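Numbering (the numbering used here), first residue to last: 308 to 404.
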């Protein structure tokens, strides 16, 4: 689905988040597995992400992803961003805080 690819591409512009896809799948699937992080239904768009930096840039991600939906059949759908994990590197700078 084209909209999923556009959403993944837009998410790539947000520092601190990446699509949430199991790493073992990434190594053997011959297509863009990042698309697995996006579910699109008539009234709901769900994007699963891993935090790679803190604080979480969820407001920025929401704006970027919502912009992709403008003018599509999902323009009024609920946009849900689900943080499935926090990368250890995101926590490294918190040592001693």
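Don't be surprised by glycine CBs; every beta carbon is placed ideally from N, CA and C. These numbers were taken from a predicted model, which means no experiment stands behind them.
Problem set entry | Per-residue DSSP class, three states only, for residue 312 | helix
Problem set entry | Same chain, Cβ closer than 8 Å to residue 397, five either side skipped, listed in chain order | 323, 358, 359, 360, 361
For this session: Over the uninterrupted beta strand (DSSP E) stretch that includes residue 346, give me the two end residues.
Result: 345 to 347
Exercise. Taking the DSSP output, what are the residues bridged to residue 360?
Worked result: Partner(s): none; residue 360 has no beta bridge.
Exercise. Roughly how many angstroms separate the alpha carbons of residue 373 and residue 394, rounded to a whole number?
Worked result: 25 Å
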